[in-house]
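>
Numbering (our numbering), first residue to last: 51 to 447.
1. Taking the alpha-carbon positions, what's the residue 135 to residue 94 distance?
2. Should residue 262 go down as buried or exposed, given a rule of 16 or more other Cβ atoms within 10 Å for buried?
3. Measuring CB atoms only, is the segment 82-99 touching the segment 153-160, in the sense that at least three cross pairs come out at less than 8 Å?
4. I need the straight-line Cα distance from residue 283 to residue 331, nearest angstrom please.
5. Span of the beta strand (DSSP E) holding residue 293?
6. My output table needs one value for residue 359: the three-state DSSP class, helix, strand or coil.
7. Hey, how far is the Cα of residue 416 from the Cα of residue 409?
8. Use the C-beta contact count for residue 216: other C-beta atoms within 10 angstroms, 16 or more gives buried, fewer gives exposed.
9. From residue 64 to residue 148, what does the alpha carbon distance come to, in whole angstroms?
10. Should residue 172 and residue 72 be called a contact, given that it needs their Cβ atoms to be closer than 9 Å?
11. For the segment 239-259 and the segment 301-313, state whether three or more C-beta atom pairs, one from each stretch, are separated by less than 8 Å.
12. Pull up the CB-CB distance for residue 299 and residue 238, whole angstroms please, since I reckon it's below 8 Å.
13. Considering only the beta carbon of each residue, do residue 294 and residue 82 sit closer than 9 Å?
14. Can you name the start and end residues of the alpha helix (DSSP H) that residue 139 belongs to?
15. Say whether the segment 332-351 touches the segment 394-407, bearing in mind that this needs 3 or more beta-carbon pairs closer than 8 Å, one atom from each stretch.
16. Per DSSP, what kind of secondary structure is residue 73 in: helix, strand or coil?
17. Pop quiz: residue 141 and residue 61 are said to be a contact at Cβ under 8 Å. What is the actual Cβ separation, rounded to whole angstroms?
18. Kindly indicate if chain B contains any beta-carbon less than 9 Å away from that of residue 371.
19. Which residues mark the beginning and the end of the alpha helix (DSSP H) in which residue 382 is found?
20. How big is the Cα-Cα spacing for residue 439 and residue 375?
21. For residue 362, count the other beta carbons within 10 Å of its own beta carbon; 16 or more makes it buried, fewer makes it exposed. Which is it?
22. Going by other Cβ atoms of all chains shown within 10 Å of its Cβ, with 16 needed for buried, is residue 246 buried or exposed?
23. Compute the Euclidean distance between the alpha carbons of residue 351 and residue 340, then round it to the nearest angstrom.
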């Protein structure tokens, strides 16, 4: 029987930071990159600095050195073709063999767990890198040779293949105590499901396999995968739309998809019925999809602000607006969610609501109008109201 934790412990070595690269396939970093396959180490370190607060990690490293109790996890990215981990039954013998490859400059590594720490160490110890990023003046650094020696030779657990680490990462960051943010969880889920697809499994079976590994019994992974596919379709298919705000407020996309009326508006089926073999949003619904995302997230490409001020309004307000073409047209034209919502009952109901509102306003005014008898400005406004009421009555008669 094969299972994620089967076998001996993995070999562990202290490895020089220069031999360790940041991971361009890390699902948390990929969305920030224009072309992940062509991303340089500088690109990756820049993304980590700008979006994942490596400065905090760097401050701890400069102050405390590297805690050996927290090894990173790496996989080889350069290794002799005839070298196989399976040749060695004892992990210590395998560690010695890998150490020999290091001594002969025949192996290097990619970090798959510990990218923030790795990038922070590289920034602390590389003045040129800090200057290139424009942060040399304020990024943590140290002149203490003992600290530099400690943080540039760090403990690493070595796996043979990236796929071997997937189960550990899923349990740790999706089902475990160190949960990633919503977008990172979804991106990781999608990447692991894609790995299963490459093995020839169907999408349904791939999702079930990942669910077994992570221990998900709630269908959470399927929902994450669907919502992440929506993100990718927005990124790949929508012209002149900036998807970056979705990353930091990814859960709002899930809330929107949970609404049946919003799903109908963009032409996507429910979680249970959706066809994952094809694109979720069809070509004739791209405009509606773009409208939806713009209302929720805004669009920097067209200088549009989101119309939502509260995530609860996705369910309480927007879900009603999208059911009424007149309300949708109003929202598109005026960017006024409350005004659009007032039109969700149809034009007659909208008129009735406005008359009730005006009636209440006049009744409230009567309570203190006596204080301002013979006020010319107020009398002028009342006269204007009389004219409007007469015109309204004429239109209704």
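Quick reminder that beta carbons are idealized off the backbone N, C-alpha and C, glycines included.
In this structure, then:
1. On the chain shown, residue 135 is found 85 positions in, with the first residue counted as 1. On the chain shown, residue 94 is found 44 positions in, with the first residue counted as 1. Residue 135 and residue 94 have their C-alpha atoms some 29 Å from each other.
2. Here residue 262 refers to the residue found at position 212 when the chain shown is read from its first residue. With fewer than 16 neighbouring CB atoms inside 10 Å of its own CB, residue 262 falls in the exposed class.
3. Two segments are said to touch when three or more pairs of C-beta atoms, one from each, lie closer than 8 Å; by this definition the segment 82-99 does not touch the segment 153-160.
4. Looking up residue 283 in the chain shown gives position 233. Looking up residue 331 in the chain shown gives position 281. Inter-residue distance for residue 283 and residue 331 is about 8 Å (C-alpha atoms, whole angstroms).
5. Taking the chain shown and counting its residues from 1, one reaches residue 293 at position 243. Going by DSSP, residue 293 is part of no beta strand (DSSP E) at all; its letter is neither H nor E.
6. By 1-based counting over the chain shown, the position of residue 359 is 309. DSSP places residue 359 outside both helix and strand once states are collapsed to three, so it counts as coil.
7. Indexing the chain shown from 1 puts residue 416 at position 366. Indexing the chain shown from 1 puts residue 409 at position 359. If you draw a straight line from the Cα of residue 416 to the Cα of residue 409, it is about 11 Å long.
8. As a working mapping, residue 216 is identified with position 166 in the chain shown. It counts as buried.
9. Taking the chain shown and counting its residues from 1, the one referred to as residue 64 is at position 14. Taking the chain shown and counting its residues from 1, the one referred to as residue 148 is at position 98. A direct Cα-Cα distance of roughly 11 Å separates residue 64 from residue 148.
10. Counting from 1 along the chain shown, the entry for residue 172 is found at position 122. Counting from 1 along the chain shown, the entry for residue 72 is found at position 22. Contact annotation: residue 172 and residue 72 have beta-carbon atoms nearer than 9 Å.
11. Taking 8 Å as the limit for Cβ pairs, the verdict is that the segment 301-313 does not touch the segment 239-259.
12. The residue you call residue 299 lines up with position 249 of the chain shown. The residue you call residue 238 lines up with position 188 of the chain shown. Wrong, their Cβ atoms sit about 18 Å apart, outside the cutoff.
13. Residue numbering aside, residue 294 sits at position 244 when the chain shown is read from its first letter. Residue numbering aside, residue 82 sits at position 32 when the chain shown is read from its first letter. Yes, Cβ-Cβ distance for residue 294 and residue 82 is below 9 Å.
14. Stepping through the chain shown from its first residue, residue 139 is reached at position 89. Premise fails: residue 139 is in no alpha helix (DSSP H) and is neither H nor E.
15. Contact between the segment 332-351 and the segment 394-407 is absent, because fewer than three Cβ pairs lie under 8 Å.
16. Counted from its first residue, the chain shown places residue 73 at position 23. Looking at residue 73 - three-state DSSP - the assignment turns out to be coil, as it is neither helix nor strand.
17. Here the question's residue 141 lines up with position 91 in the chain shown. Here the question's residue 61 lines up with position 11 in the chain shown. So it is a contact: roughly 5 Å between Cβ atoms.
18. Checking the listed chains, one finds no chain B in this structure; it contains a single protein chain.
19. Mapped onto the chain shown, residue 382 falls at position 332. Taken as a continuous stretch (DSSP letters only), the alpha helix (DSSP H) holding residue 382 covers 375-384.
20. Here residue 439 is taken as the residue at index 389 of the chain shown, counted from 1. Here residue 375 is taken as the residue at index 325 of the chain shown, counted from 1. Taken atom to atom, the span from the alpha-carbon of residue 439 to that of residue 375 is near 29 Å.
21. The residue given as residue 362 occupies position 312 in the chain shown. Counting Cβ neighbours within 10 Å, residue 362 comes out exposed, since fewer than 16 surround it.
22. Along the chain shown, one-based indexing puts residue 246 at 196. Counting the other CB atoms within 10 Å of its CB gives residue 246 a total of 16 or more, which places it among the buried residues.
23. Indexing the chain shown from 1 puts residue 351 at position 301. Indexing the chain shown from 1 puts residue 340 at position 290. Those two C-alpha atoms are separated by around 12 Å.
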